[in-house]
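To start, the structure under review is shown below, and the notes come after it.
4 protein chains.
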Amino acid sequence: MIRFSICGAASYACGELLRLMVNHPETEVAYLADTFAAGRKIYEEHPALMGFYDQEILPLNEETLEQIVKDSDVVFTAVDAGTVCAIAEKVLAGGKKFIDFGADIRFRDAKTWEKWYGLQHPNHEMTKEAVYCIPEIQRDLAKGKSLIANPGCYPTASTLGLFPVLKENMVVENTIIIDAKSGFTGAGRRPAPNKLISEASNNFCAYSLGGGHRHTPEIEQNIAYITGKDLMQPETWQYINFQPHLTPQVRGIEVTIYATLNQEVTNEELYNLYQKYYQDEYFVHVFPASKPVQTKWTAGTNLCCITPTYDARTKRLVVSSVIDNIGKGAAGQAIQNMNLIFGLDETTGLKIAPMYP
Amino acid sequence: MIRFSICGAASYACGELLRLMVNHPETEVAYLADTFAAGRKIYEEHPALMGFYDQEILPLNEETLEQIVKDSDVVFTAVDAGTVCAIAEKVLAGGKKFIDFGADIRFRDAKTWEKWYGLQHPNHEMTKEAVYCIPEIQRDLAKGKSLIANPGCYPTASTLGLFPVLKENMVVENTIIIDAKSGFTGAGRRPAPNKLISEASNNFCAYSLGGGHRHTPEIEQNIAYITGKDLMQPETWQYINFQPHLTPQVRGIEVTIYATLNQEVTNEELYNLYQKYYQDEYFVHVFPASKPVQTKWTAGTNLCCITPTYDARTKRLVVSSVIDNIGKGAAGQAIQNMNLIFGLDETTGLKIAPMYP
Amino acid sequence: MIRFSICGAASYACGELLRLMVNHPETEVAYLADTFAAGRKIYEEHPALMGFYDQEILPLNEETLEQIVKDSDVVFTAVDAGTVCAIAEKVLAGGKKFIDFGADIRFRDAKTWEKWYGLQHPNHEMTKEAVYCIPEIQRDLAKGKSLIANPGCYPTASTLGLFPVLKENMVVENTIIIDAKSGFTGAGRRPAPNKLISEASNNFCAYSLGGGHRHTPEIEQNIAYITGKDLMQPETWQYINFQPHLTPQVRGIEVTIYATLNQEVTNEELYNLYQKYYQDEYFVHVFPASKPVQTKWTAGTNLCCITPTYDARTKRLVVSSVIDNIGKGAAGQAIQNMNLIFGLDETTGLKIAPMYP
Amino acid sequence: MIRFSICGAASYACGELLRLMVNHPETEVAYLADTFAAGRKIYEEHPALMGFYDQEILPLNEETLEQIVKDSDVVFTAVDAGTVCAIAEKVLAGGKKFIDFGADIRFRDAKTWEKWYGLQHPNHEMTKEAVYCIPEIQRDLAKGKSLIANPGCYPTASTLGLFPVLKENMVVENTIIIDAKSGFTGAGRRPAPNKLISEASNNFCAYSLGGGHRHTPEIEQNIAYITGKDLMQPETWQYINFQPHLTPQVRGIEVTIYATLNQEVTNEELYNLYQKYYQDEYFVHVFPASKPVQTKWTAGTNLCCITPTYDARTKRLVVSSVIDNIGKGAAGQAIQNMNLIFGLDETTGLKIAPMYP
């Protein structure tokens, strides 16, 4: 049995991690910790976990962390930006595995992180060792490794939607525009008026309008990785437009990706190309142009569904890619990565069908 | 008093027209007709109109149409594609005014309509006389006219979002991409499984993926109009990507417009430019980049709210524009057009604040 | 013109009051005040009021209150329990009219308020002078008066649903059970996790389970009033079960009222009885048993829709009554009461059709 | 491996059955049949099952039924009222097990069914052999049996909420009122305007107002069973009020049960009583009065959550009981019953945590 602990257990993403772990046959929980909810039972934070877990949430300090490292095989973290490395250092020093939900160790080049997150990075060396891993793109990098940067939600949907055409060098540089829509679990649990059902329902809006969302450079780094650019030289990467929106729903991300192609293709050729890349992937389903994907086809799972199309009038690729933002976009992919680094079948505990309707 | 009649009264758009007319001090209803709901009381189709209207819905035939034309000053139509001109001919012959909610007379060049709607147009001459009118763009064309093509919902939000930068010649040709999201009233009242609350709620998806939505050429015609192209020569127009989506809400359209600009601007300059064009318009509100607009700011009204921004990294304009699809996108604009052609203040009956939350 | 001011302008109910006042031809705003939002523009609190009001929100203190009383004809308050009388005293001393949205002056007997609200009442004499007024039940009491307790949302829907059978002495004592459901605007704007769209949508629950909601004694007082009991002797009133729930929607209250009748009736007789009481009321619509009312038939309006039925097997009345909780349940009824005490037609500014769908 | 087949596979309930079976380690699908969707792939009806099942839906006729019986160990049916027995006869004749989702064999006395369903029952003997089984109430009746009537959704939530107090003889006869609320999956997949997201969202209403819903006698039969009445003598049963409503959500039933008790109790005593009955039940969670249950605590699972309370003022029990209507209310309980009759652990395949948020 793999014993896991969570730092930041009160977040939606970690509630989902616990929910999914109920079905994982090879794991058991060691400790649950959280800065804010310490002292409460885990089911007081996540009432739907009543009957499945009854741990008390530990505070997150030197002492509890020592205990956590000692008694866990793997530690998951969902903590504030800038505070990850201090935890990771101890986990690695204890010889245990570490998977982070945040962005602290997602950029090979810590300076890119510093620029977009407005903080000084505490450990530039660690970012070079950390493995950023969307398994369908780069699973070989992660096998046997201990320090995993679990990808962001928008970057996961976007990168999987772009991978085949980027890999085949079909995309004209600097033409990529990604219009993204997310449910409100992506905005977290901290209450604010704009997230109240009264104001959020029957409402749709953009945010971070005109650029500036922190997932922009993460997607750009992924594009650079796939197209063979040097990840330590961000000045060589191409720029994209990444524009997020909030859709009045709980879960689900849809990204519509636009890019000019350097060759003419048919919808059928695109479908076949994407199938070539993904047909052996358990978690990626490709659909023909006549079947635009729906976020609900992924609800509660680690699935990504993609419909690639081509608009011959404008010579642009138009791809719709959907995931559950706290599934494949967070907890699901974290378990997939855990399975990967522990040598388990990647699908262990994740073969579940989406809740529909 | 202006006596109005409606052909197609059972549609959501015409339910909204009736709802708004309750507050219009200068109109009264003459007849309500509909092919499918004939014989029922109007409040059986639109239960919320109970107590406000108690007309019986007439069938739509030679005889009733004669009666309608005789007793009405203006006739609104929301009927099947291809069936508008036959009604319009009679209304005009009777010396009355005519406002159509559909696309039959929206294209100056009937061949463009034929190409996208897959039907033979019954009256090529009529499309040349009809006035397509978004009042904020082209009100002078409509004054005193009798034959009005009320614009589509997506084209209204898109065109108002593009008008200032197009008029100022700031947009690089063939770079416009419009990512649109609509609530389900835009999909009409005809029941289908994908519109059921069970399947539609908590769900988001694209439709007409990769091009093909019929509002595409309407927006292209509007761009051609603003940039001074010949509307009878569609081969001279630029192509756009127009990609619609369904968002799990009742009302509201948001369009995010991307376009490469031929000059660098600041967000503040853009805001000032849009204000210059719209500050005297009662129904258009412009917001600074820090305030992305929300669909709910327009619910139940004839308002259009716009936030224009510029992404200096990619040199692209990113505009978010929102309307109520059955308000400014249909019934509200139809009343605004009616006010215009009858010489009333355009805002008559339309000075209502959005229902929020 | 009636000049009105609001204390507590940042609440949902007062946002709705301002929204409705846009259409009121006989009023104009004097001042808007709020303890928490002072210094902000009103459209920063209620973004949908952009373009309709641009007042700065005043703090609520001695000085501003003096100014408000001086320059207003009527003052509306939506403030914390226990703080109403201090404001009311000044308004009345200034010879102006006063309408309160809260419960401070709703109980003739201040001790009943003290028992349920757990506070000491600051002015027992004032509650005896104040007029609690659902116009359809007791409009004559309010004509020409200056101190109005605007009824609560649940009590309005419940009392209108019970009025005819109570007035006709058809209800067996102590058999009334009211199962109520409210949208989330009823829970206010203060953010809390359970009101977030992520947790509230697709969810339904009871609250204050098993008794204890503060609207219980208000409904009991209304029953006592209609059945001719002494409002100063609450020990003579009958008890009811009032059980509220939260339904995943923005606006709308539905109450299902159960009561044993002391005589057998048919659905048709009940319909006719309710029509007898309400047919001349502009804001109350009665429907036959085959047409259960829907909350959306009242959205954004001052309407109350009622379907009364009888279950012959159990000899119980079953009534469904719906309102918009911030319309007839708050702002709409407040305007109706304002019209009443100023001698205007009660429907002034309120003849609007519900937003449907 | 248990080989199962489904007649009526295109329904929501059977989509959920298939979804849950993905996680059941002891079953495999034999055939999927449906009168209406024959010839389509199962994932065309239930798109979220893409990648999990690829069977073609068979028509439902003599020939296919023979094949189904031959190759299946158990057959589930979700078919039109009145058509169940013809299928059941063949399944039983083939020596296989049979579980029905509908009401045809739920009433011991077929005449009760005839009265409420308005049809002639085709097989009065079969209803006497069939076992109606909510396992927590009557599992011993079902062990080893072959003909199972899977209970209705409302009756399951209601009966589990009443069981302890009925069993303890604490309820005064003829005082039970059940106010029920259901999400729209309970209303099925057949499209109708009132189920469209445009009309159903932000809306709440009663239906079958004043009595008449077919689940009424099913709950009355359950009460009769628990209190030891003769199920063949419905004239000896007590009457209840059962009043259903539609809440604007996808899944979830909440019932609020009111009943006069023949003794005074405290909330704590009630909690302890319910715990005594349910603490060993995996699928039933009891909560104290301060924690009203929420439908979302059961989403996608076979759980039932219950908060029992007592209102000392009115001497009435007030219980809130929640389930997922297509989980414990249909597919989940059907699997639980299948596990039971095949001698498996009842929880096999059903130990899953609810999707929250």
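Residue numbers (our numbering), protein chains in the order written: chain A, 1 to 357; chain L, 1 to 357; chain H, 1 to 357; chain C, 1 to 357. A virtual CB, placed ideally from N, CA and C, is assigned to each residue, including glycine. These numbers come from a predicted model, not from an experiment.
Does ALA48/L have its Cβ less than 8 Å from a Cβ in chain H?
-> Residue mapping note: residue 48/L aligns to position 48 of the second sequence, counting from 1. The beta carbon of ALA48/L sits closer than 8 Å to some beta carbon of chain H.
Are there 16 or more other CB atoms within 10 angstroms of the CB of ALA86/H, so buried, or fewer, so exposed?
-> Residue mapping note: residue 86/H aligns to position 86 of the third sequence, counting from 1. ALA86/H is exposed by the Cβ-count criterion.
Sequence-distant residues of its chain with Cβ nearer than 7 Å to GLY8/L (five each side left out) | Numbered from 1 along the second sequence, position 8 holds the residue referred to as residue 8/L. Its chain contains CYS14, ASP34, THR77, ALA78 and VAL79 as the residues whose beta carbon lies nearer than 7 Å to that of GLY8/L, once the 5 sequence neighbours on both sides are disregarded; these appear in chain order.
Alpha carbon to alpha carbon, how far is THR127/L from PHE101/L? Give it in angstroms, no decimals.
-> Indexing the second sequence from 1 puts residue 101/L at position 101. Indexing the second sequence from 1 puts residue 127/L at position 127. About 14 Å.
Helix, strand or coil: how does DSSP classify VAL75/H here?
-> By 1-based counting over the third sequence, the position of residue 75/H is 75. Of the three classes helix, strand and coil, the one that applies to VAL75/H here is strand, per DSSP.
Determine the contact status of ALA157/C and SER321/C, defining contact as a CB-CB distance below 8 Å.
-> Counting from one through the fourth sequence, the residue named residue 157/C turns up at place 157. Counting from one through the fourth sequence, the residue named residue 321/C turns up at place 321. Contact: yes.
Should the segment 280-295 of chain A be called in touch with the segment 307-323 of chain A, which here means at least 3 C-beta pairs below 8 Å?
-> Enough Cβ pairs lie closer than 8 Å, so yes.
Could you have a look at GLU346/A and say whether DSSP puts it in helix, strand or coil?
-> As a position in the first sequence, residue 346/A is number 346, starting the count at 1. Reduced to three states, the DSSP call for GLU346/A is coil.
Closer than 7 Å by C-beta to VAL250/A: which residues in its own chain qualify, once you throw out the five before and the five after it? Chain order, please.
-> As a working note, residue 250/A is residue 250 in the first sequence. A distance below 7 Å between beta-carbons, with the five flanking residues on each side excluded, links VAL250/A to the following residues of its chain, in chain order: GLY183, PHE184 and THR185.
Proximal residues, the segment 222-248 of chain A versus chain H, C-beta separation under 7 Å = Cβ contacts with chain H: PRO248.
Out of ASN222/L, CYS205/L, THR348/L and ASP54/L, point me to the one whose CA is closest to PRO151/L's CA.
-> Locating residue 151/L in the second sequence gives position 151, counting from the first residue. Nearest C-alpha to PRO151/L: ASN222/L.
With ALA81/A as the anchor, note down where its beta strand (DSSP E) starts and where it stops.
-> Looking up residue 81/A in the first sequence gives position 81. Where ALA81/A is concerned, there is no enclosing beta strand (DSSP E), given that its DSSP letter is neither H nor E.
Heavy atom of the ligand PLP within 7 Å of GLU268/H beta-carbon | You won't find the ligand PLP in this model; it holds no ligand whatsoever.
Quick one: residues in its chain with C-beta nearer than 8 Å to the C-beta of LYS195/A, no 5 flanking neighbours on either side, listed in chain order?
-> Position 195 of the first sequence holds residue 195/A. Once the five neighbours on either side are set aside, the close Cβ partners of LYS195/A are PHE184 and ALA187.
Taking the alpha-carbon positions, what's the ALA312/C to TRP237/H distance?
-> Counting from 1 along the fourth sequence, the entry for residue 312/C is found at position 312. Counting from 1 along the third sequence, the entry for residue 237/H is found at position 237. Each residue's CA atom was taken as its position, placing ALA312/C and TRP237/H some 16 Å apart.
If the cut is a Cβ gap below 8 Å, which residues of chain C does ASN202/L touch?
-> The sequence position of residue 202/L within the second sequence is 202, counting from 1. Within chain C, the residues near ASN202/L are VAL250.
Consider the Cβ of ASN23/H: report whether some Cβ of chain L lies at a distance smaller than 8 Å.
-> By one-based count along the third sequence, residue 23/H stands at place 23. At least one C-beta of chain L is nearer than 8 Å to the C-beta of ASN23/H.
My guess is that ILE240/L and ILE253/L are in contact by the Cβ rule of under 8 Å, so how many angstroms apart are they, rounded?
-> Here the question's residue 240/L lines up with position 240 in the second sequence. Here the question's residue 253/L lines up with position 253 in the second sequence. No, ILE240/L and ILE253/L are not in contact; Cβ-Cβ is about 16 Å, not under 8 Å.
Secondary structure of ILE178/A, DSSP reduced to three states = Reading the first sequence from its first residue, position 178 is the one you call residue 178/A. ILE178/A: strand per DSSP, three-state reduction.
Pull up the distance between the alpha-carbon of PRO244/C and that of LYS70/A, whole angstroms please.
-> Translated into positions along the fourth sequence, residue 244/C becomes position 244. Translated into positions along the first sequence, residue 70/A becomes position 70. Put simply, the backbone Cα of PRO244/C is about 54 Å away from that of LYS70/A.
Assign LYS181/A to one of two classes, buried (16 or more other C-beta atoms within 10 Å of its C-beta) or exposed (fewer than that).
-> Within the first sequence, the letter at position 181 stands for residue 181/A. Taking a 10 Å sphere around the C-beta of LYS181/A, we find 16 or more other C-beta atoms and assign the residue as buried.
Hey, could you find the ends of the beta strand (DSSP E) PRO308/A is sitting in?
-> If you number the first sequence from 1, residue 308/A lands on position 308. Per DSSP, the unbroken beta strand (DSSP E) holding PRO308/A starts and ends at 304-311.
Taking three-plus beta-carbon pairs below 8 Å as touching, is the segment 40-53 of chain H in contact with the segment 119-138 of chain H?
-> As far as the Cβ criterion goes, the segment 40-53 of chain H does not touch the segment 119-138 of chain H, which means the pair count is below three.
Check whether the segment 256-266 of chain H touches the segment 167-178 of chain H, taking contact to mean three or more Cβ pairs, one atom from each stretch, closer than 8 Å.
-> By the criterion of at least three beta-carbon pairs nearer than 8 Å, the segment 256-266 of chain H is in contact with the segment 167-178 of chain H.
Would you kindly check if the distance between the Cβ of TYR274/A and the Cβ of ILE226/A is under 8 Å?
-> The sequence position of residue 226/A within the first sequence is 226, counting from 1. The sequence position of residue 274/A within the first sequence is 274, counting from 1. At the C-beta level, ILE226/A and TYR274/A stay beyond 8 Å of one another.
Would you mind sorting GLY210/A into buried or exposed? The rule is 16 or more other CB atoms within 10 Å of its CB.
-> Counted from its first residue, the first sequence places residue 210/A at position 210. Buried, by the Cβ-count rule.
In terms of residue numbering, what span does the alpha helix (DSSP H) encompassing ARG108/L cover?
-> As a first step, residue 108/L is located in the second sequence; it is residue number 108 there, counting from the start. Judged by DSSP secondary structure, ARG108/L falls outside any alpha helix (DSSP H); it is assigned neither H nor E.
When we look at the beta-carbon of MET21/C and count the other beta-carbons within 10 Å, is it buried (16 or more) or exposed?
-> Your numbering for residue 21/C matches position 21 in the fourth sequence. So MET21/C counts as buried.
Endpoints, the beta strand (DSSP E) within which ASP100/C is located = As a working mapping, residue 100/C is identified with position 100 in the fourth sequence. Per DSSP, ASP100/C is one residue of the beta strand (DSSP E) stretching across 97-100.
Is ALA259/H helix, strand or coil by DSSP?
-> Translated into the one-based positions of the third sequence, residue 259/H becomes position 259. In the three-state scheme derived from DSSP, where H, G and I count as helix and E and B as strand, ALA259/H is classed as strand.
Just the chain A side, please: which residues come within less than 8 Å of MET1/C by C-beta, in chain order?
-> Counting from one through the fourth sequence, the residue named residue 1/C turns up at place 1. Within chain A, no residue has its CB atom less than 8 Å from the CB of MET1/C, the nearest being about 17 Å off.
Check GLN67/C in the structure and name its three-state DSSP category.
-> Here residue 67/C corresponds to residue number 67 of the fourth sequence, with the count starting at 1. GLN67/C: helix per DSSP, three-state reduction.
Quick one: which chain L residues come within Cβ less than 7 Å of LYS373/H?
-> Summary: the structure shown does not reach residue 373/H, with chain H confined to residues 1 through 357, and so no result is reported for it.
Spatial neighbours of GLU26/A in its chain, beta-carbon cut-off 7 Å, leaving aside the 5 residues before and after | Translated into the one-based positions of the first sequence, residue 26/A becomes position 26. For GLU26/A, where only same-chain residues beyond five positions count, the Cβ hits under 7 Å are MET1, ILE2, LEU344 and THR348.
Along the beta strand (DSSP E) that carries SER208/L, what are the first and last residues, could you check?
-> Within the second sequence, residue 208/L is the residue found at index 208, counting from 1. For SER208/L, there is no enclosing beta strand (DSSP E), as DSSP marks it with neither H nor E.
Range covered by the alpha helix (DSSP H) that runs through ASP268/A | In the first sequence, residue 268/A corresponds to position 268, counting from 1. Looking at the sequence itself, residue 268/A is Glu, so the reference to Asp does not match. In the DSSP assignment, GLU268/A falls within the unbroken alpha helix (DSSP H) covering 267-278.
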